[in-house]
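Those protein sequences? They're chains L and R, same order as listed. Counting from 283, one number per residue, gives the positions in the first sequence under this note's numbering. Counting from 11, one number per residue, gives the positions in the second sequence under this note's numbering. Don't be surprised by glycine CBs; every beta carbon is placed ideally from N, CA and C. Beneath this line is the structure, given in structure tokens, with notes to follow.
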Amino acid sequence: MNAANDGRAANYSRVDLLGSELSPDEQRLLAVYDELKALCEADLPPNAHAGVRASLALMHNVVAGLALEYEHLTDHGA
Amino acid sequence: MATDSPYWNPKTETLDRERIEALQLAKLRRHCEWAAARSPWYRRRFASDGFDPGQLSSLADLRRIPLLTRDDWMASQEAKPPYGEIPVIAGEGAIRIHTTSGTTGRGPLRALDSRKDWAWIAEMWCYAIWGCGIRPADTAYIAFGYGSFIGFWGLHYAMEKIGVLNVPGGAQSTEARVLQIVDFGATVLAATPTYAIRLAQEAERLGIDLGDSSVERLILSGEPAGSIPQTKALIEELWGARAFDTAGMTEIGTIMVFECAQQPGGTHIIEDHVLEEVLDPDTLEPVGYGERGERVVTSFGRGAVPLLRYRTGDLVCRVPADRCSCGRGFDIYEGGILGRVDDMKVIRGTNVYPRAIEAIVREFPEVEEFQTVISHEGIRDEITLRLEMKPDWSPGAWDALRDSVHRRLGHAHEGLNFRIERVRAGELPRFELKAKRMIDMRDTPVAVVK
Chain L
283 MNAANDGRAA NYSRVDLLGS ELSPDEQRLL AVYDELKALC EADLPPNAHA GVRASLALMH
343 NVVAGLALEY EHLTDHGA
Chain R
11 MATDSPYWNP KTETLDRERI EALQLAKLRR HCEWAAARSP WYRRRFASDG FDPGQLSSLA
71 DLRRIPLLTR DDWMASQEAK PPYGEIPVIA GEGAIRIHTT SGTTGRGPLR ALDSRKDWAW
131 IAEMWCYAIW GCGIRPADTA YIAFGYGSFI GFWGLHYAME KIGVLNVPGG AQSTEARVLQ
191 IVDFGATVLA ATPTYAIRLA QEAERLGIDL GDSSVERLIL SGEPAGSIPQ TKALIEELWG
251 ARAFDTAGMT EIGTIMVFEC AQQPGGTHII EDHVLEEVLD PDTLEPVGYG ERGERVVTSF
311 GRGAVPLLRY RTGDLVCRVP ADRCSCGRGF DIYEGGILGR VDDMKVIRGT NVYPRAIEAI
371 VREFPEVEEF QTVISHEGIR DEITLRLEMK PDWSPGAWDA LRDSVHRRLG HAHEGLNFRI
431 ERVRAGELPR FELKAKRMID MRDTPVAVVK
């Protein structure tokens, strides 16, 4: 959980891909995304692990679509 | 959910040109770094061409990136089967494979996608279906075979994502599909333009007036005909509904353009997810707004198979976004995909495009199906249009119709003489996916000796 929290703290000071400050809702979305990425590395049972990866794929649409983050996720199994 | 928004993604769809390009540059840098780090093929190609992602300081540097062709992709697959070295993964990590026709005759082109890539494939379709007015209250009928051709798979998931009630129309006869569309009260139909016409013809035979059906919108894809005005008008008349064109390709995995609710006579490029260039296919120099050229695409969405500056072979004419009143900042391909760069035929010095012939044939509603055959007879080329008429059509009207079609085709083709033939009912092939209505026999021995 520490990794996720560290990531979230870092995000609050981030700007989007266009250099604009993140809105409060955008910060929350990015925090969810970072939390899901961190959970992909956790030792979870298969049902939780698969669900997290599926959720991460969908959240990637959100953060990439809103120009908050852009990356690929094969290292996270998504 | 803000169902009153006309945009799926208001933040990016309404960006101005400067900010769209800034976003594209930011994604391009990271995508090139990804390809260089993870794809053996790109790493070698970048090195041999002296390209480094660090050279991308503006979109003007895009042209430093080497072009990718389908032949490159096929050659890589053959050198290292089954997937080649363009993908960053080799099966493990992917959740789906789709194929499309290859260029070597030794197997299809294979495209892998990860879980995230599939979510993106659906997301791209969401721009289109939301943008033409489809909402969660709709019921969609998807007239599609659900096989290894990627087709409407992404649309299916996009409908589910939005919350539309989906009726998967796979493994059905045309008659059964017509009956299901009516029985389920579908408000949306997804089909190729050719198959939308075929379904309407079948409905007519069954005595069903589609104008009385619940269908309000048609999503067309798979063929350029969705933006041929005459074909589109025919489809809208047959269905009593509005038709919206989209276009995509297996190499991208999804669509890259869509027609918005304003129906501006073209398709918006989804520019926050793809970077499109229009190049002269001979010189590979960029052409300006309003000029025809070959579409070259860089897709930011697919991570498993990075696609940078891929030569599509599609013929397009790009115009500025303000050609449409919808408020999107996304530029437009006027007339959608105009055809293939290589589908132009030269008949006795005259350029002939399948799209132009279809536009004229669709002016004649008595025609049920058609086919164009090009042959070489004696010392010259001949072009023959074969017409199959509707069953209730009066044969006594043939001479007048033949003369009228002949006159229209000649007028549109510098006086070129088209032969017009009538064929028996049911003689011409019917198509569910991509129609192939032009046959060039000039390279076959049979045509030469005729």
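- In the assembly as shown, R:Ala186 is an exposed residue. Its beta-carbon has fewer than 16 other beta-carbons within 10 Å.
- R:Gly313 belongs to the set of residues whose beta carbon lies under 9 Å from a beta carbon in chain L.
- Around the CB of R:Ile389, fewer than 16 other CB atoms lie within 10 Å, so the residue is classed as exposed.
- Among the bridge pairs identified by DSSP, R:Thr360 is matched with R:Ile357.
- By the neighbour-count criterion, in which a residue is buried when 16 or more other Cβ atoms sit within 10 angstroms of its Cβ, R:Asn361 is exposed.
- Beta-bridge pairing by DSSP links R:Gly276 to R:Glu344.
- Taking a beta-carbon distance threshold of 9 Å, R:Ser124 counts as an interface residue toward chain L.
- Nearest Cα to R:Thr264 within the set R:Gly141, R:Tyr137, R:Glu102: R:Tyr137.
- The shortest CA-to-CA distance from R:Val383 to any of R:Phe374, R:Pro375, R:Ile367, R:Arg440 is the one to R:Ile367.
- Between the segment 188-196 of chain R and the segment 205-225 of chain R, the count of Cβ pairs shorter than 8 Å is three or higher; the stretches touch.
- The beta carbon of R:Arg321 sits no closer than 9 Å to any beta carbon of chain L.
- Under the three-pair Cβ rule at 8 Å, the segment 343-352 of chain R does not count as touching the segment 123-141 of chain R.
- From the listed residues R:Gly275, R:Trp135, R:Pro364, R:Ile280, the smallest Cα separation to R:Gly349 is found for R:Pro364.
- By the criterion of a C-beta distance shorter than 7 Å, R:Ala100 is surrounded in its chain by Tyr93, once the five residues flanking it on both sides are discounted.
- Bridge pairing for L:Cys322: absent [DSSP].
- The residues Arg208, Leu209, Glu212, in chain order, have a CB closer than 7 Å to that of R:Thr184 in the same chain once the five nearest residues on each side in sequence are set aside.
- Contact fails between the segment 227-241 of chain R and the segment 290-307 of chain R, because fewer than three Cβ pairs, one in each stretch, are under 8 Å apart.
- As a beta-bridge residue in DSSP terms, R:Phe428 pairs with R:Ile393.
- Within the model, the alpha-carbon separation for R:Gly337 versus R:Glu379 is close to 39 Å.
- If you draw a straight line from the Cα of R:Tyr299 to the Cα of R:Trp135, it is about 26 Å long.
- Residue pairing by DSSP places R:Pro178 opposite R:Ile152 in a beta bridge.
- When CB distances to chain L are screened at a threshold of 7 Å, the residues of the segment 23-37 of chain R falling below it are Arg29, Ala32, Leu33, Ala36, Lys37, in chain order.
- In this chain, the beta strand (DSSP E) harbouring R:Gln381 covers 377-387.
- Comparing alpha carbon positions, the residue from R:Ala201, R:His386, R:Ala435 closest to R:Ile449 is R:His386.
- Put simply, the backbone Cα of R:Arg417 is about 44 Å away from that of R:Ser309.
- Proximity of R:Gly236 to chain L, defined by a Cβ-Cβ separation below 9 Å, is not satisfied.
- Rounded to whole angstroms, the gap between the alpha carbons of L:His354 and L:Ala346 is 10 Å.
- Partner residues in the beta bridge of R:Pro296, as assigned by DSSP, are R:Leu289.
- L:Leu348 sits away from R:Ala36, with the two beta carbons spaced by 9 Å or more.
- Between R:Arg333 and R:Leu77, the C-beta gap is not smaller than 9 Å, which leaves the two residues out of contact.
- Contact between R:Phe340 and R:Glu281 holds: their C-beta atoms lie close to 5 Å from each other, under 8 Å.
- For R:Leu122, the enclosing beta strand (DSSP E) covers residues 119-123.
- Here R:Ser58 is exposed. Its C-beta has fewer than 16 other C-beta atoms within 10 Å.
- Per DSSP, R:Thr241 has no beta bridge partner at all.
- R:Phe56 carries a helical assignment under DSSP once its states are collapsed to helix, strand and coil.
- In the structure shown, R:Asp82 falls within a helical segment according to DSSP collapsed to helix, strand and coil.
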